[in-house]
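Numbering (full-length UniProt numbering), first residue to last: 1 to 501.
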């Protein structure tokens, strides 16, 4: 399967579009003198003057002086996250978001219009937010959390469809929860390839809580002048909510029959875990304030996710430690770790392995499902030249070692503990394959269709389920298991060297 995520999509400069979506206005302000150095060509909708007349003018020519002074006071302290503000311009209230850049500032200004949440009073929004956060906090399992999340996000945002989208280790995303209006395509359980949300797009979510597209077909608005006079280049719109939408993504949404979308991050331990994908069949305008509410829910959901995962991890870790303590006691009682590990299979139980092999001084002892003895010696030789620092693990040994192909079904996964690197003593734990059927949203090998020039491309136009059976791969080794494996390795090394002395 070709990795378009890293080879093509992940290298596109989506932050240098020089265009914005038309639901707002963008000003670029010089930090030194607070003069306008760039503005979007629709600035006249807010300020009245043509954009050409605004360049090199002080911001105070368009915003009351006391407002500018308050802004300068706020900006005197360094800030990394977007800073909210509110301006009254020509008698109209505008919500504003400030972004700090090197030498300049970005001001995103909302254009008030017919918004989907205009009917909601502050009190209603507050009560909906509080109720949603209470329900999120009440979740006791991950499955329960995601069911609450899709229901509450749909209620608060009003989008037709809400999905929770979880990334795997290769950044493919699987829909683990979904709620939708009748007649819409069901994607629950479907996996989408990493190229659908490529690397540089995922990076944006570390900075911004959401990506909002109120109207897929809205015409983007250019910035004037094209080049930023301070940098001599296009403006960096990396963390700008108004940043225009790449043509290939517009086509992707059209193929999905989605007119408006919003993707909201789900973080775990400061890393992107997944997204809440919100889809609407018609354009849907939300206020900046409502987007802020959804950002707050994103933070609450991420915190609850981390709490539940850490709780599960703690319980799993405690269970591992109890089993490990029993194993160590048995080793001390017998005086022979190899006899204990092979004779009882206790260590296989500890790591949920289907087989194990101990290789010491060229001699091999086994328990459970293992490769043939000749293959074990070949594997030990291969491991000896891999420059392993204590541990080596994989869920598919045959994908990195062709010699493992004959036994990939019985022994797909390998966890290797290097007991003594000088003597090439190993403890090998094996896991059998777990045959998995993935349901892709369209053929993942046809995710991108190139034009004849080999450069222009289009997203796939079909999301019909394409099933793939994955073989030769075991269940993954959990982080807690790998940590304990290192502890066990150190114990076995010290026990062996002490006994030799």
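All C-beta atoms, glycine included, are put in the ideal place defined by N, C-alpha and C.
With residue i and residue j assumed to form a contact (beta carbons below 8 Å), what rounded beta-carbon distance in angstroms separates them?
{"i": "residue 370", "j": "residue 355", "result": "4 Å"}
{"i": "residue 150", "j": "residue 179", "result": "4 Å"}
{"i": "residue 300", "j": "residue 133", "result": "5 Å"}
{"i": "residue 364", "j": "residue 357", "result": "6 Å"}
{"i": "residue 109", "j": "residue 226", "result": "At roughly 20 Å, the Cβ-Cβ gap does not stay under 8 Å, so residue 109 and residue 226 are not in contact."}
{"i": "residue 235", "j": "residue 28", "result": "6 Å"}
{"i": "residue 291", "j": "residue 153", "result": "With 8 Å as the limit, residue 291 and residue 153 do not qualify as a contact, their Cβ atoms being about 12 Å apart."}
{"i": "residue 160", "j": "residue 254", "result": "About 16 Å separates the two Cβ atoms, so there is no contact after all."}
{"i": "residue 34", "j": "residue 288", "result": "Not really, about 22 Å apart at Cβ, beyond 8 Å."}
{"i": "residue 283", "j": "residue 259", "result": "5 Å"}
{"i": "residue 347", "j": "residue 376", "result": "Wrong, their Cβ atoms sit about 17 Å apart, outside the cutoff."}
{"i": "residue 31", "j": "residue 113", "result": "Not a contact, Cβ separation roughly 30 Å."}
{"i": "residue 23", "j": "residue 315", "result": "Between residue 315 and residue 23 the Cβ distance is about 46 Å, and since that is not below 8 Å, they are no contact."}
{"i": "residue 426", "j": "residue 419", "result": "6 Å"}
{"i": "residue 471", "j": "residue 433", "result": "6 Å"}
{"i": "residue 474", "j": "residue 412", "result": "4 Å"}
Looking at the strands, I want to know which residues DSSP matches up with residue i.
{"i": "residue 98", "result": "83 and 107"}
{"i": "residue 38", "result": "28"}
{"i": "residue 420", "result": "425"}
{"i": "residue 51", "result": "Beta-bridge pairing links residue 51 to no other residue."}
{"i": "residue 388", "result": "According to DSSP, which records beta bridges pairwise, residue 388 is partnered with nothing at all."}
{"i": "residue 415", "result": "393 and 429"}
{"i": "residue 19", "result": "222"}
{"i": "residue 439", "result": "467"}
{"i": "residue 406", "result": "Its beta-bridge partners do not exist; DSSP assigns none."}
{"i": "residue 93", "result": "88"}
{"i": "residue 58", "result": "35"}
When the Cα atoms are used, what is the spatial distance from residue i to residue j?
{"i": "residue 334", "j": "residue 362", "result": "23 Å"}
{"i": "residue 45", "j": "residue 107", "result": "15 Å"}
{"i": "residue 239", "j": "residue 497", "result": "56 Å"}
{"i": "residue 247", "j": "residue 464", "result": "22 Å"}
{"i": "residue 7", "j": "residue 200", "result": "Because residue 7 sits at a pLDDT of 48, beneath the cut-off of 50, its placement in the model cannot be relied upon, and the following sentence gives the value as read from the coordinates. C-alpha separation (whole angstroms): 12 Å."}
{"i": "residue 391", "j": "residue 417", "result": "5 Å"}
{"i": "residue 257", "j": "residue 175", "result": "18 Å"}
{"i": "residue 424", "j": "residue 359", "result": "8 Å"}
{"i": "residue 10", "j": "residue 204", "result": "A caution first: residue 10 carries a pLDDT of 44, below 50, which makes its placement in the model unreliable, though a value can still be read off. The straight-line gap from Cα to Cα measures roughly 12 Å."}
{"i": "residue 220", "j": "residue 40", "result": "10 Å"}
{"i": "residue 493", "j": "residue 350", "result": "19 Å"}
{"i": "residue 252", "j": "residue 210", "result": "18 Å"}
{"i": "residue 194", "j": "residue 167", "result": "8 Å"}
{"i": "residue 324", "j": "residue 18", "result": "58 Å"}
{"i": "residue 270", "j": "residue 192", "result": "23 Å"}
{"i": "residue 68", "j": "residue 56", "result": "16 Å"}
{"i": "residue 165", "j": "residue 145", "result": "13 Å"}
{"i": "residue 66", "j": "residue 93", "result": "15 Å"}
{"i": "residue 386", "j": "residue 482", "result": "18 Å"}
{"i": "residue 20", "j": "residue 223", "result": "8 Å"}
{"i": "residue 63", "j": "residue 82", "result": "20 Å"}
{"i": "residue 59", "j": "residue 87", "result": "12 Å"}
{"i": "residue 380", "j": "residue 398", "result": "14 Å"}
{"i": "residue 373", "j": "residue 342", "result": "15 Å"}
{"i": "residue 435", "j": "residue 206", "result": "34 Å"}
{"i": "residue 268", "j": "residue 295", "result": "15 Å"}
{"i": "residue 313", "j": "residue 484", "result": "13 Å"}
{"i": "residue 177", "j": "residue 170", "result": "20 Å"}
{"i": "residue 5", "j": "residue 310", "result": "Unreliable placement is indicated for residue 5, whose pLDDT of 48 sits below 50; no coordinate value is reported for it."}
{"i": "residue 38", "j": "residue 228", "result": "7 Å"}
{"i": "residue 468", "j": "residue 141", "result": "29 Å"}
{"i": "residue 184", "j": "residue 158", "result": "15 Å"}
{"i": "residue 215", "j": "residue 91", "result": "27 Å"}
{"i": "residue 500", "j": "residue 487", "result": "The pLDDT assigned to residue 500 is 49, lower than 50, so where the model puts this residue is not dependable, and the model offers no usable value."}
{"i": "residue 148", "j": "residue 318", "result": "29 Å"}
Output the boundary residues of the beta strand (DSSP E) element that contains residue i.
{"i": "residue 260", "result": "260-268"}
{"i": "residue 433", "result": "Segment: none, residue 433 is in no beta strand (DSSP E) and carries neither H nor E."}
{"i": "residue 67", "result": "No beta strand (DSSP E) holds residue 67; the alpha helix (DSSP H) holding it covers 65-76."}
{"i": "residue 466", "result": "465-470"}
{"i": "residue 391", "result": "391-394"}
{"i": "residue 473", "result": "Here residue 473 belongs to no beta strand (DSSP E), and DSSP marks it neither H nor E."}
{"i": "residue 210", "result": "210-213"}
Could you give the residue range of the alpha helix (DSSP H) that holds residue i?
{"i": "residue 202", "result": "199-207"}
With 9 Å as the threshold, decide whether the Cβ of residue i is near any Cβ in chain B.
{"i": "residue 148", "result": "The chain inventory of the structure shown lacks chain B, comprising one protein chain alone."}
Whole alpha helix (DSSP H) runs in the region 136-193 with 4 or more residues, listed along the chain?
-> As far as the region 136-193 is concerned, its whole alpha helix (DSSP H) runs of at least 4 residues are 142-157.
Entirely within the region 310-369 and at least 4 residues each: give me those alpha helix (DSSP H) ranges in chain order.
-> Qualifying alpha helix (DSSP H) stretches, in chain order: 337-344 and 346-350.
At 4 residues or longer, and completely inside the region 223-306: list those alpha helix (DSSP H) runs for me, N to C.
-> 247-255, all fully within the region 223-306.
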